[in-house]
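Enquirer: Below you'll find the structure I mean.
Residue numbers (the working numbering), protein chains in the order written: chain A, 434 to 748; chain B, 62 to 433; chain C, 137 to 428.
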């Protein structure tokens, strides 16, 4: 059989497995983790756009995640708007935030960009805590309604899975599309060298802004989906710990690759749960695990297959 | 997509399926979910020590009519998302019949719907009033809510000190907000005016700006709504350094630790406590001794909350025996009334907030003096 | 509102700010010599405090000895860390961030396992009683820090500019290949850098310990702020770190008093960002040429 036939058949198999997954996985515990993985695939794929492809050290993704979640939460609880309105609204609001945060970020690079984006993320996080009239402060927002599709409420992990699967799939596909497009090529050119990009006639400020807004939109999408899955949002979920987790997923999986975010999200989410068995040592081993991956497999787990092959060839 | 990416995706999907091979659970299982690591680790450790001690002793005495209890402890890092996955795990994988969940208000609020959905009863000690008002009958509280402290202390203050003005210092977490709100909202009822409310972060180490502002407004007392004795101690020290001798007013904390951290700055503090200390009655003294033998340190109020929580679940287990199901255990807990345990007398029948009295002590030279 | 009040606010801000400065110095120094941004720095700060605690309280050594041993032992830990972190300094910023952060998580949790989550007392070597000078009160520990910090700053400047090791370190940071070609052992230099940087963190940790009290998460209060302070002043420059830290501390205290304690954090970071908009390399600028 030729390669393309194998490819088509394998796509069909994977597709079927993914579609029928909830039938095989009875455990809510596991399915919920899978749902969170799908949300992280979206968020981390977005972060990959600005950090991996465009090479900008932008650390505000967790804050955008929070903006998306809070927007959706507020619109659905206070104004009782349908999820199907809240979701796009959340994405739009996050895009605007991405623009506003991106503008000052244009002026700085490297670790200065890190501190500026981090600082803005802190300001946003503080807003979640302080603007009690809008966000309800540290107590968070409860009773966020589950989405309803054709009269059926998506209030179980099994049903929500399909919603997430669709969005995760579209998100990854979209990253693929961007990569192949002019925008994607501009991103990579900017990452490699500003001067060369300028010489080619690429306005790096313009494309960087697009990058910031695009990644933010992914986080906004992920945030809205998160809010209606957990039915509760609070500022704790969108701070520094969240940011570090997202970056770790990106690096462990493989920065600048399509499959990287998928692998990273899966390995770190399941890894954390598997490590519960270690009780007191869970976090220590978790940290060591991330350290190990980053030091020894900096290109990410996507390259495992190539490495194994290379190893075999050598011996 | 390249072949490499396809194989990767296959691997990933495979991981999903490996996950579904998680096994089923069996005997009597009780869970504990709390902040065991991270910034709130102190809370998780203290509560779990008490809870675990109860079950260790209970098992030694034979468990529930010969059946031992399996205690499963999970960390939620004080993060709602982690709390939910821990709740899912304990409820659907470990199959606990009841549990302690959790040690922080936002995490508890996130898991209440999960426990409600599976009809699993759970106990907690968190102060946020909303927790028992979310529409779930399955959550029970073993500590007095903050309203109990603010009411008791304001009433006493208005009566004995002619208290008219206070300042509030609250932390920026859920505890600070809920507790601070209570102090702020209840004040007018007793004719007390809140001159200012300042906020701090739990990890802050310097409070000059906030304290000087309070000093300038000269309230009669300063109320602390801060969730960590260490930070409270640092604020007290800072106050002393700035020459402020305004007495401090606060509810529910470990006085000994506060005194240890705050030194002389803690003199004159008025504290509302669920119980004055471990010097009496006999049961608490005994408990403190056993605790010290087991853990090599003195117990704190959270130890008692954990212990009593365990006791409450055990009572329900015995009522449910031989049919130890979640529904029966829930009924068992919900029917507890007039039961006297270490902290005091619990009534979970009329209210999900099991206990609502408070004693008042004053710190004099580092020691507690009971004044009400 | 008297001069006394303003002075007290300033003092409070300076008191905490100088600790940010000390932490920032460590960040700067490691960056300047190694090109690495060590996000485990705050955890090493915490470890240094615990090391000091062990020597001073548990073993009962007199303070100067405990201080010395604490700083040296932490420095040694840093020295040996080089072996682990070696691959990270040559790759992207992002790997440094996550690698060192993961290390930080490991340290934080190990500290909690060893010493427990409750905070521990660290007796102030010069006593607890605040000293009163004409209406202003200041703690003896703060005075001690204000004596040691500038000494450290001067020492670092001189070391980096004048000493052979210092020059070798800067050569490595500026141009690895040439430095290597000239016979400078890159790994040895990095190990030294990490050792010295960790020692600086320990100095900060032990000096801060009586004020902060020692707990596994004591580094979090200074982690981002120390980094921000170093960048505000000009990353890589020890004098910049001091300036940045002091400014940061004063902004915090002043905004809590004059504006609102709720927005203290927001204001400090907003100002830092604003400054960077006008001076993208920090107030004093960066001493080394940054390789992009």
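For every residue, glycine included, the Cβ atom is placed at its ideal position computed from N, Cα and C.
Counting only beta-carbon separations shorter than 8 Å, does residue 288 of chain B have a partner in chain D?
Expert: Absent here is chain D; the protein component of the structure consists of chains A, B and C.
Enquirer: Between the C-alpha atoms of residue 449 of chain A and residue 578 of chain A, what's the straight-line distance to the nearest angstrom?
Expert: Answer to the nearest angstrom: the Cα atoms are 30 Å apart.
Enquirer: 8 Å is my cut-off, CB to CB: does residue 426 of chain C come that close to chain A?
Expert: Its pLDDT being 40, under 50, residue 426 of chain C is placed unreliably in this model, and the coordinates cannot settle the point.
Enquirer: Quick one: what does DSSP say residue 258 of chain B is sitting in, helix, strand or coil?
Expert: Strand at residue 258 of chain B.
Enquirer: Nearest chain B C-beta to residue 628 of chain A closer than 8 Å, yes or no?
Expert: Not closer than 8 Å to any Cβ of chain B, the Cβ of residue 628 of chain A fails to qualify, so no.
Enquirer: Tell me the rounded alpha-carbon separation between residue 384 of chain C and residue 280 of chain B.
Expert: Residue 384 of chain C and residue 280 of chain B: Cα-Cα distance of roughly 29 Å.
Enquirer: How would you call residue 292 of chain B, buried or exposed, if buried means at least 16 neighbouring beta carbons within 10 angstroms?
Expert: Per the 10 Å Cβ criterion, buried.
Enquirer: Is the CB of residue 437 of chain B under 8 Å away from at least one CB in chain A?
Expert: This structure does not reach residue 437 of chain B, given that chain B is present from 62 up to 433, and the question cannot be answered.
Enquirer: So residue 246 of chain C contacts chain A; which residues on that side make the cut at Cβ distance below 7 Å?
Expert: Those within 7 Å of residue 246 of chain C in chain A are 717.
Enquirer: Can you tell me the Cα-Cα spacing of residue 282 of chain B and residue 314 of chain B, whole angstroms?
Expert: If I take the Cα positions, the gap works out to 18 Å.
Enquirer: How would you list, in chain order, the residues of chain A whose beta-carbon sits under 7 Å from the beta-carbon of residue 413 of chain C?
Expert: Residues of chain A passing the Cβ test: 537 and 540.
Enquirer: For the stretch 530–540 of chain A against the stretch 581–596 of chain A, are there 3 or more C-beta pairs whose distance is under 8 Å?
Expert: Flag = no, the stretch 530–540 of chain A and the stretch 581–596 of chain A do not touch.
Enquirer: Going by C-alpha distance, which of B:414, B:427, B:424 and B:433 is nearest residue 199 of chain B?
Expert: It is B:414 whose Cα lies nearest to the Cα of residue 199 of chain B.
Enquirer: Return helix, strand or coil for residue 519 of chain A, following the three-state DSSP convention.
Expert: Reduced to three states, the DSSP call for residue 519 of chain A is helix.
Enquirer: Pull up the CB-CB distance for residue 488 of chain A and residue 652 of chain A, whole angstroms please, since I reckon it's below 8 Å.
Expert: Residue 488 of chain A to residue 652 of chain A, Cβ: 18 Å. No contact.
Enquirer: Measure the C-alpha to C-alpha separation of residue 597 of chain A and residue 397 of chain C and round it to an integer number of angstroms.
Expert: Whole-angstrom Cα-Cα distance: 40 Å.
Enquirer: Report the neighbours of residue 291 of chain B on chain C: residues whose CB is nearer than 7 Å to its CB, in chain order.
Expert: 255, 349 and 351, listed in chain order.
Enquirer: What residues in its chain sit with their C-beta under 7 Å from that of residue 163 of chain B, if we drop five residues either side in the sequence?
Expert: Here the set comprises 94, 95, 137, 144, 169, 172 and 185.
Enquirer: Whose C-beta lies closer than 6 Å to the C-beta of residue 218 of chain B among residues of the same chain, with five residues either side of it excluded?
Expert: Closer than 6 Å at the Cβ level, and outside the excluded window around residue 218 of chain B, lie 224.
Enquirer: Taking the DSSP output, what are the residues bridged to residue 159 of chain B?
Expert: According to DSSP, residue 159 of chain B bridges with B:91.
Enquirer: Does the stretch 545–554 of chain A come within contact of the stretch 685–701 of chain A, defined as at least 3 CB pairs closer than 8 Å?
Expert: As far as the Cβ criterion goes, the stretch 545–554 of chain A does not touch the stretch 685–701 of chain A, which means the pair count is below three.
Enquirer: Ends of the alpha helix (DSSP H) at residue 317 of chain B?
Expert: 316–323 is the span of the alpha helix (DSSP H), which, as asked, contains residue 317 of chain B.
Enquirer: Helix, strand or coil, according to DSSP, for residue 86 of chain B in the structure here?
Expert: Because residue 86 of chain B carries a pLDDT of 32, less than 50, the predicted location of this residue cannot be relied on, and no value is offered for it.
Enquirer: Between B:88, B:161, B:175 and B:265, which has its C-alpha nearest residue 461 of chain A's C-alpha?
Expert: Comparing Cα positions, the closest option is B:175.
Enquirer: Is residue 183 of chain C helix, strand or coil by DSSP?
Expert: Of the three classes helix, strand and coil, the one that applies to residue 183 of chain C here is helix, per DSSP.
Enquirer: For residue 716 of chain A, name the three-state secondary structure that DSSP assigns.
Expert: Three-state DSSP puts residue 716 of chain A in a helix.
Enquirer: On the three-state DSSP scale, how would you describe residue 423 of chain B?
Expert: If DSSP states are grouped into helix, strand and coil, residue 423 of chain B belongs with the strands.
Enquirer: Evaluate residue 517 of chain A with the Cβ neighbour count: other Cβ atoms within 10 Å of its Cβ, from every protein chain shown; 16 or more gives buried, anything less gives exposed.
Expert: Residue 517 of chain A is exposed by the Cβ-count criterion.
Enquirer: Kindly list the residues whose CB is nearer than 7 Å to the CB of residue 234 of chain B, restricted to its own chain and excluding five residues on each side of it in sequence; keep chain order.
Expert: Result list for residue 234 of chain B: 263 and 288, in chain order.
Enquirer: Taking the alpha-carbon positions, what's the residue 282 of chain C to residue 391 of chain C distance?
Expert: Each residue's Cα considered, the two are about 23 Å apart.
Enquirer: In or out: residue 149 of chain C buried (at least 16 other Cβ within 10 Å) or exposed?
Expert: Its Cβ being crowded by 16 or more others within 10 Å, residue 149 of chain C is buried.
Enquirer: Is residue 151 of chain B closer than 8 Å to residue 92 of chain B when the C-beta atoms are compared?
Expert: Yes; because the gap between Cβ atoms is below 8 Å, this pair is in contact.
Enquirer: How would you list, in chain order, the residues of chain B whose beta-carbon sits under 7 Å from the beta-carbon of residue 392 of chain C?
Expert: Within chain B, the residues near residue 392 of chain C are 270 and 271.
Enquirer: Just to make sure I have the definition right: I need the residues of chain A whose C-beta is within less than 8 Å of the C-beta of residue 146 of chain B. Which are they?
Expert: Chain A residues near residue 146 of chain B: 462, 465, 466, 469 and 706.
Enquirer: Enumerate in chain order the residues of its own chain whose CB-to-CB distance from residue 359 of chain C is below 6 Å, with the five nearest sequence positions on each side excluded.
Expert: 178.
Enquirer: What would DSSP say about residue 187 of chain B, mapped onto helix, strand or coil?
Expert: Of the three classes helix, strand and coil, the one that applies to residue 187 of chain B here is coil, per DSSP.
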